[in-house]
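**Q** Sharing a structure here in structure tokens format.
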Amino acid sequence: MQQGYAAVLCVLAVLGLEAAAPGECELTRLLQDKLQYEMRLQYMKHYFPIDYTVQVQYEEVLRPSNITRLRNGTVSEAALRYLWFHVSSQAVLRIREVLPEKHPSWKYTQELCQLFDALGEEYSKYRQ
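Residue numbers (mature numbering (1 follows the signal peptide of the UniProt record, and there is no 0)): -25 to -1, 1 to 103.
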């Protein structure tokens, strides 16, 4: 069980995985704005009970050391961006699953999900 799951994964939003295409750049900028420290603190810390946790598997946590190891290997920046997108979007979905619709963070997580959906559509254009 990992505490601070949402905050740790949201921090990954600004780890320097730079976007390449104009649509991806704009969506990444919007996500970065949404994932600013103050917003994460307000919605993911202040509105959750102190002892609240979300269970995650070890493989579901993307750590900076893993990113560095992948970067030093043969993994392309585009693949790292897609990996970040996949892990982060799944984390937001996991958080949203446990939130009741009347929770103060519901709208914030809903907006994040919409941005991740749009980014997913942008990535699907590249794969075609």
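Positions of the beta carbon are idealized from the N, C-alpha and C atoms, including for glycine.
Note that this is a predicted model, so its numbers are computed, not measured.
ARG15: buried (16+ other C-beta within 10 angstroms of its C-beta) or exposed?
**A** ARG15 comes out buried.
**Q** Evaluate contact between the region 39 to 47 and the region 63 to 79, counting only Cβ atoms and requiring at least three cross-stretch pairs below 8 Å.
**A** Contact fails: fewer than three Cβ-Cβ distances are below 8 Å.
**Q** Quick one: is VAL50 buried, meaning 16 or more other Cβ sit within 10 Å of its Cβ, or exposed?
**A** Classification of VAL50: exposed, given that the 10 Å Cβ count is below 16.
**Q** In this structure, how does DSSP classify VAL36 when only helix, strand and coil are distinguished?
**A** In the structure shown, VAL36 sits in coil (DSSP, three-state: anything other than H, G, I, E or B).
**Q** To the nearest angstrom, how far is it from the Cα of GLU(-8) to the Cα of LEU55?
**A** Any reading at GLU(-8) needs caution, since the residue's pLDDT is 44, under 50, leaving its predicted position unreliable; the model's value is listed next. GLU(-8) and LEU55: Cα-Cα distance of roughly 10 Å.
**Q** Give a yes or no on whether the C-beta atoms belonging to THR84 and VAL67 are separated by under 8 Å.
**A** Yes; because the gap between Cβ atoms is below 8 Å, this pair is in contact.
**Q** From this set, THR28, LEU87, VAL31 and TRP59, which residue's C-alpha is nearest PRO39's C-alpha?
**A** Ranking the options by Cα distance to PRO39, first place goes to TRP59.
**Q** For the alpha helix (DSSP H) containing LEU2, name the first residue and the last one.
**A** -4 to 9 is the span of the alpha helix (DSSP H), which, as asked, contains LEU2.
**Q** With GLU97 and LYS9 assumed to form a contact (beta carbons below 8 Å), what rounded beta-carbon distance in angstroms separates them?
**A** GLU97 to LYS9, Cβ: 16 Å. No contact.
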